[in-house]
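Numbering (this note's numbering), first residue to last: 267 to 358.
The beta-carbon is built from N, C-alpha and C at its ideal position, and this holds for glycine as well.
These numbers were taken from a predicted model, which means no experiment stands behind them.
First comes the structure, then the notes that go with it.
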Amino acid sequence: NPFSPDLQVTRLHYSTKNIINSSCNVSVKILNFAMQPVRTLLNNAPRPSGAEYDEIWDGKDDRGNCVANGVYFYSITIQNKVPIWGKIIVVR
């Protein structure tokens, strides 16, 4: 999943199909290799259950600065359950 923020964005895909409630809260965060927060894409945002979603990361931190080359991790938490983790490689 390498991407170059100068040329593209990356999509983080997730599903709320297994959620029983009609809606749920979703948090999506980007962390660096030291597991320090870099960007919060969603913070307990309401999403209808039973659907699939894509969140976009443009390779910038919370202050709008482009991140350095390297490995980053994302965390998707739905309804305060165990997070789903993944890895992103940024190459400029």
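Counting along the chain, where does the beta strand (DSSP E) carrying residue 293 start and finish?
289-297
What residues in its chain sit with their C-beta under 7 Å from that of residue 310, if we drop five residues either side in the sequence?
291 and 293
Cβ shell of residue 270 (< 7 Å), same chain only, five flanking positions each side left out:
357 and 358
In angstroms with no decimal places, state the Cα-to-Cα distance between residue 267 and residue 275.
11 Å
Please state the DSSP three-state secondary structure of residue 325.
coil
Could you tell me the boundaries of the beta strand (DSSP E) in which residue 343 lies?
336-344
Span of the beta strand (DSSP E) around residue 277:
276-281
Is DSSP giving residue 285 helix, strand or coil here?
coil
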